[in-house]
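The structure appears right after this line, and notes come after that.
Numbering (this note's numbering), first residue to last: 462 to 824.
Here's what the structure looks like:
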């Protein structure tokens, strides 16, 4: 709570209260009846009224204290921070084909499959962790692909939902008819999701997008889908969308979990190939960049590099609002404080009623 200047100086009137209290107490102790003969009042029985003669004086004192405070103009200060962002729209495109089951990444010293590592690092990229600052001002969506592409989450500012409910729930395909690597279809779907954002963002927030970005991570070669990767890259370039490509995993041999004749899960090396030439061409055509991630640390560094290149411009403005507590109710610590002038009126009314009834002094 604050007070308006220079009205705050009226609080010095509070120092007169002890004198007023003394005068009221002295008057209240005066007998209301004059006796013709001496009477020892201390010998008379003490009633509830005689024990509580101080109550009217206390109520009047509280009323005067609050009245002085009201005159000093108490105010509750509310601050509201508004952020105006020329944000970045990012479509994350993640491979979930069976080849992502290779265990050549580690988290906390334990070998994990590629998709698990990607979920962890991409989540940190979105929400912020370690060297990653997070993308709080950006619209982010998620597309995953194997033999065909899926839009798992539309463009959203609800990053908690995106990471905890969507990203963390995607799984590697297990059905053979769903398997494959449709890089071209995935990029084309991401382009479609980004292409109509400018008008939507402008109509909803009045702001504009600083840039539109696709970050695609894959560990294989395009072998499924109807759209060639280069065609999809040309579509992105035509819509002024930058595509960053990431080739994930070992290029050559990588350990995969397999089941032996006894039903046990064992690791067995299998040959894998990444079409780095195509990924480089996609990035080059759109003004983006190709990255190579061979372990979790390098994947984190890649997302940190992209994070640094595609930052959101945020303008922060703070608005201050003052509520006059003398005439308006205020919410504090879960309680509603009524207007102080109303409290003063109630106290003065109570004082007047008590002095004219229960605590009336006869002259």
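Ideal Cβ placement from N, Cα and C applies to all residues, glycine included.
Residue environment: residue 752 is assigned as buried (16 or more neighbouring CB atoms within 10 Å of its CB, all protein chains considered).
Between the beta-carbon of residue 764 and that of residue 563 there is about 20 Å, and that puts the pair past the 8 Å contact cut. With respect to the 8 Å criterion, residue 561 and residue 581 are not classified as neighbours on the basis of their beta carbons. For the set 798, 817, 809, the Cα lying nearest the Cα of residue 536 is the one of 798. A direct Cα-Cα distance of roughly 59 Å separates residue 641 from residue 792. In the assembly as shown, residue 630 is an exposed residue. Its beta-carbon has fewer than 16 other beta-carbons within 10 Å.
For residue 811 and residue 785, the gap between their C-alpha atoms comes out near 25 Å. Shown here, residue 603 sits in a strand according to DSSP, grouped into three states.
Under the three-state reduction of DSSP, residue 585 is assigned to helix.
Contact annotation, residue 645 with residue 693: C-beta distance approximately 4 Å; criterion of less than 8 Å satisfied. With contacts defined by Cβ atoms closer than 8 Å, residue 604 and residue 643 do not form a contacting pair. DSSP, read as helix, strand or coil, puts residue 579 in helix. Per DSSP, residue 702 is one residue of the beta strand (DSSP E) stretching across 702–709. Annotated three-state conformation of residue 718 is strand, per DSSP.
Counting of Cβ neighbours within 10 angstroms places residue 585 among the buried residues, the total reaching 16 or more. By the Cβ-count criterion, residue 510 is exposed, with fewer than 16 other Cβ atoms from all chains shown falling within 10 Å of its own Cβ. DSSP links residue 730 through a beta bridge to 716. Counting along the chain, residue 473 sits inside no beta strand (DSSP E), nor does DSSP assign it H or E at all. The continuous alpha helix (DSSP H) containing residue 738 extends over residues 737–747. Around the C-beta of residue 788, fewer than 16 other C-beta atoms lie within 10 Å, and the residue is accordingly described as exposed. Spatial neighbours of residue 731 in its own chain (CB-CB distance under 6 Å, excluding positions within 5 residues in sequence) are listed in chain order as 717. Distance between residue 590 and residue 761, taken at the CA atoms: about 10 Å.
CA-CA distance, residue 647 to residue 614, rounds to 14 Å. Two segments are said to touch when three or more pairs of C-beta atoms, one from each, lie closer than 8 Å; by this definition the region 666–686 touches the region 700–715.
If you compare the alpha carbons of 513, 632, 654, 726 with that of residue 816, the shortest gap goes to 513. Rounded to whole angstroms, the separation of the alpha carbons of residue 724 and residue 569 is 28 Å. Beta-bridge pairing by DSSP links residue 671 to no other residue. Sequence-distant Cβ neighbours of residue 727 in its own chain, meaning closer than 7 Å and more than five residues away, are 719, 721. The alpha carbon of residue 619 has as its nearest neighbour, out of 739, 729, 601, 808, the alpha carbon of 601.
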